[in-house]
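Below is one structure; the comments refer to it alone.
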Amino acid sequence: MRTTATVRGHVPGAVVLIALGAVNALAATFEARVNATRIGLNDQLQLTITLADASPKGDIEMPPLTNLAVVAGPSVSTQISFVNGAISQSRSYSFVLRPTAVGQAVIGAARVELADGERRTAPITIEVVEGSVLPRHPPADPFEEMLRRDPFEGFFGRRAAPAAPAKVVMEAEASRRQVFVGEPVLVTFYLLTQTAVSGLDLAEAPSFSGFWVEELPSEDTPAGATVTRDGESFQRFAVLRRLLFPTRAGELTVPALTFRLAVPRRIGFFADPGPAGAGIITRATEPLSIRVLPIPASEAEYGGAVGSFRAAVSVDRSEVPLGEAVQVRFRVEGKGNLKWVERAPKLEVAGAKVYPPRVIDNLRVTPSGVSGERVWEFVVVPETAGTLEIPPLSFPYFDPVARQVRRAEAAAVSLTVGPPLTTAAGDSPNRALAPAGLALRADLEKPLLPSEPSPQLVVAVAAATLAAHAVLLAVPLLVRRRGAARSHQRRRSTRALLADLRRARQPGVSKESAAALIEQALTEVFGDLETVGEDADETRRQARVVLREARFVRYAPQLGEYREKLDELVDRAAGLIRRGA
Amino acid sequence: MRRSAVPLVVALTAALAVAETPEERFRAATAAVRGGDAAAGIRAFRELAAAGVASPSLYWNWAQAAAARGHLGEAVWALLRCRQLDPGDGSVARELQRLRHLASLSPAETSPQPLAELARHARRLRAGSLTVAMFLLSLLLHVAARRWLRAARWPVAGAWASLVLALLLAVPAALAPWAARPLATVVRAGVPMLDAASPNAGILATLREGEVVPILTRSGPYLRIQDSSGARGWALAEEVWPLDEVPPPSAMR
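Structure, rendered in structure tokens:
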């Protein structure tokens, strides 16, 4: 099976290869043709230049044009044929030309270089007249040729007469052309085709102005029916259905819908099922006109409902204890535009509280309209014991068949409201309570926990306590650390600083270093001596004098020996430090 | 029997009208309930509560009167108010349990929030006062350990222990009441839970009388609540009474 498919797949390729090898054996032709030699100024001219059974050395040189302009082209087509064992090949270049003025137009000679020499086409003279003289054709369908073409045309000398192009059209059909406002119209969009269609979708979203639109589910595999249009047979498929409810009176239009259709280029064994194997064409339906009659009543009378309906009222129980709720269901069933009806029926029950209803829909959209039921579920809480009557409820609607407003009536429903389930005694002053059943307290007690602190107070106390704990923990640590630092400083003053002063006496120590040691020792013991006032004690004032003399020696020029002076300052500073410590 | 009851009720109602002090009005209202006019008694209880009288016995009697009228939701609400004022009263817990059985409510439907329960128990145990006391004790012991009892080790240990205890108690005493949402009680049967705070709103479900629900937010006369199934919706505050408010006269039946 696999082998067979491979051979088949290679057949066209083999034919092409054979053809390419054999073309040089035939006589080459090079010619130019036009579809008319007399055209109007408003016409277009088709020029076709064909090179057959030859392989050009280079490009074909296009003919010079006089009084003509190129509108489109060139479009190139190649054809290979196999006739009685002989293979021929041709390549055509097509142009669409437009005359530029009335008079004579000339298509010059086209030129091509072949293996056996140069070939030229004969010039063509065209007469251009006013207006249009060529017969008018409908706009060419790009797929007309495609649909008409036989894929095996040209093989084995088969040249059948051109078949008529397969047609594809779209139609819209309305179930009724005259309805009342709110009555449904089924609009079906059909595909009519004479060929296979591999895909279909809407070119743009439809807009049905003036209609309430309900979608109907489309069939997965639409059944086709054979129909005849203008004497031609088509297969017809319903591809889109919409149920339209006119929202206003007058002449309403269902607009034209444009569809995109995918049409396979080839049909049969060699057809490519993918998108590449299909061409896209567009088809539009004709607009439909619908005459919408106004409803001969005000909307207040019929509530917006159009159709045919029945109504019923039910309750979830017929007996209820006082204080408990009853569910009252008002059910409207039938066929029509129930989806439009937003207004709930008004329910008032004497001796009971009625809450706004809950709406429950069970509606189906069918080709004949919307059918099903809508239920308004009221919660009714009786406020008095006894018999409670749910009044008759009605649902007004417009009946388009009878052409009048009707009312679907639901009968009244009676409820029995009994005493409360747990009542030891009633709440009426006339019905005495059983004193033994009530454990009443005699005194107005004060709250037992008047002073219980608020959460805010508890949080505030917690924060304050934690902060106080933190302070209590931190202060001794700080004090201890500061005390330790101070005692360390004192020890250095009394011992190490005197040692520093002794070091200042040693030979080899410069006057600057010795003076600095004295200055540092005094400062560490007495602090900043420059700020010492005259009212300070004698020791600090003497220390300041020593400090200044030490600075003098430190910064004095080295003009003599300062050792004696430094020794004297060291002695005086040591004495002061001992006293200060 | 009925003939004899009518003059009695008239007399009690008259006594209720002339009572002056809160105590007198309370006694008159209690007498009205005992005499059979529960509605008049409840009206007087409500007026006393609205005037700022916060007494467990007031709400207890209110609950008794409401239960006697068959208004179980209102009775549950009044008992919960009573329990707020006297969390340690065992009779309130028993009465609540009785009403819950009558209303066929599960414990979860009357205690929707574990945090609120924790806060209530903390209040019953006076955890707030204990917390404050423990904090102050820890501080006192700390100061003593620093100042006067430096040699002894027990003040330090006592300060730490009381501080840890205070912090543990602070969770139910302070954090639970903050974290818990306010509660409300459904006081009528079949109260609809609405999908919006509007008179024209649709009904999502119906609430059970006596059910206690947390209040999520409030909009005018409507409360946004969450029922025991987790559904959220709106209900009229006249039908779902918040526990921290006295209902307005219009909410009374």
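If you're matching them up, the sequences are chains U and D in order. To convert, note that position 229 of the first sequence is 229 in this note's numbering; the numbers rise steadily by one, no gaps. Each position in the second sequence, counted from 1, maps to that position plus 1000 in this note's numbering. Heads up, the beta-carbon is just placed ideally off N, CA and C, and yes, glycines get one too. Note that the structure is a prediction, hence the values are computed from the model and not measured.
When you compare only the Cα positions, how much space is there between residue i and residue j?
| i | j | result |
| --- | --- | --- |
| U:Pro135 | U:Leu192 | 29 Å |
| U:Thr66 | U:Val197 | 45 Å |
| D:Pro1056 | U:Val375 | 48 Å |
| U:Glu333 | D:Ile1203 | 22 Å |
| D:Ala1251 | U:Tyr355 | 16 Å |
| U:Asp43 | U:Thr121 | 24 Å |
| D:Ala1049 | U:Ser394 | 47 Å |
| D:Pro1248 | D:Pro1221 | 11 Å |
| U:Glu130 | U:Pro64 | 23 Å |
| U:Pro99 | U:Thr50 | 22 Å |
| U:Thr423 | U:Thr387 | With a pLDDT of only 42 at U:Thr423, under the threshold of 50, the placement of this residue in the model should not be trusted; the figure read from the coordinates follows. If I take the Cα positions, the gap works out to 19 Å. |
| U:Val320 | U:Val365 | 38 Å |
| U:Val381 | D:Leu1096 | 25 Å |
| D:Ala1054 | U:Glu452 | 14 Å |
| U:Pro52 | U:Ser209 | A small fix is needed here, since residue 52 of chain U is Ala in this sequence, not Pro. Near 58 Å, if we compare the C-alpha coordinates of U:Ser209 and U:Ala52. |
| U:Lys346 | U:Glu373 | 18 Å |
| U:Arg482 | D:Pro1087 | 53 Å |
| D:Ala1122 | D:Val1171 | 9 Å |
| D:Ala1108 | D:Ser1228 | 7 Å |
| U:Gln542 | U:Leu477 | 37 Å |
| U:Leu306 | U:Pro296 | The sequence given here has Val at residue 306 of chain U, not Leu. Between U:Val306 and U:Pro296, the C-alpha separation is close to 12 Å. |
| U:Val181 | U:Arg242 | 16 Å |
| U:Ile281 | U:Pro264 | 11 Å |
| D:Glu1209 | U:Arg343 | 30 Å |
| U:Val23 | U:Thr37 | Summary for U:Val23: the model assigns pLDDT 40, below 50, so the residue's position carries little reliability; its value from the coordinates is reported in the next sentence. If you take the alpha carbons of U:Val23 and U:Thr37, they lie about 32 Å apart. |
Kindly list the residues whose CB is nearer than 8 Å to the CB of residue i, restricted to its own chain and excluding five residues on each side of it in sequence; keep chain order.
| i | result |
| --- | --- |
| D:Ala1093 | Arg1083 |
| U:Glu61 | Ala110, Arg111 and Val112 |
| D:Ala1068 | Val1033 and Ala1038 |
| D:Pro1242 | Pro1182, Leu1183, Ala1184, Ile1215 and Leu1223 |
| D:Ala1152 | Ala1145 |
| U:Gln194 | Ala166, Lys167, Val168, Glu232, Ser233, Phe234 and Gln235 |
Just the chain D side, please: which residues come within less than 8 Å of residue i by C-beta, in chain order?
| i | result |
| --- | --- |
| U:Val379 | Gly1190, Pro1192, Ile1203 and Thr1206 |
| U:Val459 | Ala1170 and Ala1174 |
| U:Glu452 | Arg1123, Arg1126, Gly1128 and Ser1129 |
| U:Pro584 | In the structure as shown, chain U starts at 1 and stops at 581, and residue 584 of chain U therefore has no counterpart that could be examined. |
| U:Pro455 | Gly1128, Ala1173, Ala1174, Leu1175, Pro1177 and Trp1178 |
Going by the beta-carbon positions, is the gap between residue i and residue j smaller than 9 Å?
| i | j | result |
| --- | --- | --- |
| D:Glu1047 | D:Arg1253 | no |
| U:Leu438 | D:Ala1065 | yes |
| D:Thr1185 | D:Val1076 | yes |
| D:Arg1224 | D:Ala1197 | yes |
| U:Arg441 | D:Asn1200 | no |
| U:Leu257 | U:Ala284 | yes |
| U:Gly304 | U:Val341 | yes |
| D:Arg1188 | D:Glu1117 | no |
| U:Gly336 | U:Ser371 | yes |
| U:Ser587 | U:Ser414 | For chain U, the structure presents residues 1 to 581; residue 587 of chain U sits outside this window and is missing. |
| U:Arg572 | U:Val546 | yes |
| U:Val292 | U:Val179 | yes |
| U:Leu501 | U:Ala556 | no |
| U:Pro396 | U:Ala385 | no |
Could you tell me how far apart the beta carbons of residue i and residue j are, in whole angstroms, since I believe they sit closer than 8 Å?
| i | j | result |
| --- | --- | --- |
| U:Ala514 | U:Leu566 | 5 Å |
| U:Phe30 | U:Arg119 | 4 Å |
| U:Phe211 | U:Thr247 | 6 Å |
Would you mind telling me which residues of chain D sit closer than 9 Å to residue i, beta carbon to beta carbon, in chain order?
| i | result |
| --- | --- |
| U:Lys167 | The contacting residues do not exist; U:Lys167 stays about 55 Å from chain D at best. |
At a CB-CB cut-off below 7 Å, which residues of chain D make contact with residue i?
| i | result |
| --- | --- |
| U:Arg260 | Per Cβ cutoff of 7 Å: no residues; U:Arg260 is ~43 Å from chain D at best. |
| U:Lys446 | Ser1055 |
| U:Arg358 | Gly1202 and Ile1203 |
| U:Glu324 | Ala1189 and Gly1190 |
So, at 7 Å on beta carbons, what are the nonlocal neighbours of residue i in its own chain, with the 5 sequence-adjacent residues on each side left out?
| i | result |
| --- | --- |
| D:Ala1144 | Pro1155 |
| U:Asp427 | Because the pLDDT of U:Asp427 is 43, which lies under 50, any placement of that residue in the model is unreliable, and the number read from its coordinates should be weighed accordingly. Within the same chain, U:Asp427 has no close Cβ partners at all. |
| U:Pro287 | Thr253, Val254, Pro255 and Ala256 |
| D:Ala1166 | Thr1131, Met1134, Phe1135 and Ser1138 |
Quick one: list the residues of chain U neighbouring residue i, beta-carbon separation under 9 Å, in chain order.
| i | result |
| --- | --- |
| D:Glu1023 | Asp443 and Leu444 |
| D:Leu1139 | Ala464, Thr465, Ala468, His469 and Leu472 |
| D:Asp1163 | Residue identity differs from the one stated: residue 1163 of chain D is Leu in this sequence, not Asp. In chain order: Thr465, Leu466 and His469. |
Among residues of its own chain, excluding the 5 on either side of residue i, which ones have a beta-carbon nearer than 6 Å to its beta-carbon?
| i | result |
| --- | --- |
| U:Ala69 | Arg98 and Thr100 |
Determine the chain U residues that contact residue i at a beta-carbon separation under 7 Å, and present them in chain order.
| i | result |
| --- | --- |
| D:His1142 | His469 and Leu472 |
| D:Leu1223 | By Cβ distance, chain U contributes nothing, its closest Cβ being about 16 Å from D:Leu1223, past 7 Å. |
Applying a beta-carbon distance threshold of less than 8 Å, which residues of chain B neighbour residue i?
| i | result |
| --- | --- |
| U:Tyr562 | This model lacks chain B altogether, as its protein chains are U and D. |
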